[in-house]
């Protein structure tokens, strides 16, 4: 019984009573027991009982009282505490050492038991925290606007949020434990050929992998939905890839917006996106309402001024580099970068840049369509933080389990040593 649950009076009282009982039981047997160390034998149960019940100090008290009682009542000359014989002194000292050892072992057992209880409590708390984190992650993944599917290392689906269910046409209960390829059928939007899922590459390389452009999801009912997709590894505390999370979204509206932009004009004043026209030297020549909403500058404030006004100092090389790529005939689609608003806010934007040409086909400037992706970036960071907290909670739980096993091992070792010591007597 741990001493935390007993009063000092009971613990120390047991030491006195157990020694007294051993003395009384020993008295009728004194005539038949051999001299030497034998007079001490009946006191060992008293010491062990006291140490088990009361801990170290009651055990030491029982040891001391046992030594005094044995010397006074059962060792010649009786009724005296004087020690005149070396053998008596040696046996008494040996008895006291063994009694002390038993008391220490009992105290070690008590401590190991308390530590085990503490470890079990910590393990329970860690598991509860992990469950809360997992529940929070499930709620978050279920409420975001992108489709989310997670798989195990064998490419079998373990989770699917409502958006993913809506896009694929599969309910989560139906899709769970099915191979991903059976549920997520991806094709090239132009050629209709099957596109390899990013999952095998993620499992193979342990890195984030995105889909190629012009990909579409073939839903269960045969609908083709253009999507943007990426896959990221799910790793355990040891860094091993144990699954994959796929995040994809319906890009139908984005595709339509791009087609409309190409058909109507390079610059559309009524667009919700920030659309900016610039000369080759970076001077702004047009600035729509979307740009005003995004960056905070009115057209009067920006037209005729350099585009570098909305670029952070470390991003001022963006414009000349983009112009060089346009001159080489490259397309700049959904290039993610940073911009700075009038009030100093840093904004994550996805920009699409198209060349502005004269009647002779010469590039005389560029048109930029920019969209604020700050919120989506924030959600991405939150998702990563949630995954990191889950991994941390799992690691803490594993550490607690290891500590629990170690405490159990020590307890068993202490018991074994105590049993060996008892048999040695």
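In this note's numbering, the protein residues as written are 7 to 431.
Where is the CB? At the ideal position from N, CA and C, for every residue including glycine.
Inspect the beta-carbon positions of residue i and residue j and report whether they are closer than 8 Å.
| i | j | result |
| --- | --- | --- |
| residue 317 | residue 346 | yes |
| residue 296 | residue 309 | no |
| residue 226 | residue 153 | no |
| residue 359 | residue 379 | no |
| residue 24 | residue 68 | yes |
| residue 186 | residue 161 | yes |
| residue 195 | residue 232 | yes |
| residue 108 | residue 98 | no |
| residue 216 | residue 235 | yes |
| residue 344 | residue 321 | yes |
| residue 205 | residue 237 | yes |
Going by DSSP, name the residue or residues bridged to residue i.
| i | result |
| --- | --- |
| residue 162 | 185 |
| residue 256 | 233 |
| residue 378 | 355 |
| residue 429 | DSSP, once it has assigned bridges, lists no residue as partnering residue 429. |
| residue 223 | 192 and 231 |
Can you look up residue i in the DSSP assignment and give me helix, strand or coil?
| i | result |
| --- | --- |
| residue 247 | strand |
| residue 43 | Any reading at residue 43 must be qualified, since the residue scores a pLDDT of 45, below 50, and its modelled position is unreliable; the value itself is stated next. If DSSP states are grouped into helix, strand and coil, residue 43 belongs with coil. |
| residue 241 | strand |
| residue 171 | helix |
| residue 214 | coil |
| residue 310 | coil |
| residue 153 | strand |
| residue 363 | strand |
| residue 200 | strand |
| residue 273 | Caution is warranted here: a pLDDT of 45 is assigned to residue 273, below 50, making its placement in the model unreliable, and no coordinate value can be reported. |
| residue 373 | strand |
| residue 63 | helix |
| residue 318 | coil |
| residue 48 | coil |
| residue 24 | helix |
| residue 90 | coil |
| residue 18 | helix |
| residue 177 | coil |
| residue 75 | helix |
Terminal residues of the continuous beta strand (DSSP E) containing residue i?
| i | result |
| --- | --- |
| residue 342 | 338-346 |
| residue 292 | 290-293 |
| residue 284 | 280-285 |
First and last residue of the alpha helix (DSSP H) that includes residue i?
| i | result |
| --- | --- |
| residue 368 | Where residue 368 is concerned, there is no enclosing alpha helix (DSSP H), given that its DSSP letter is neither H nor E. |
| residue 83 | It is not in any alpha helix (DSSP H) - residue 83 carries neither H nor E in the DSSP assignment. |
| residue 331 | 324-333 |
Return the Cβ separation of residue i and residue j in integer angstroms, given the expectation that the two are a contact with Cβ distance under 8 Å.
| i | j | result |
| --- | --- | --- |
| residue 113 | residue 30 | About 27 Å; that fails the 8 Å criterion. |
| residue 159 | residue 247 | 7 Å |
| residue 200 | residue 181 | Between residue 181 and residue 200 the Cβ distance is about 19 Å, and since that is not below 8 Å, they are no contact. |
| residue 129 | residue 427 | Not really, about 31 Å apart at Cβ, beyond 8 Å. |
| residue 192 | residue 223 | 6 Å |
| residue 57 | residue 65 | 3 Å |
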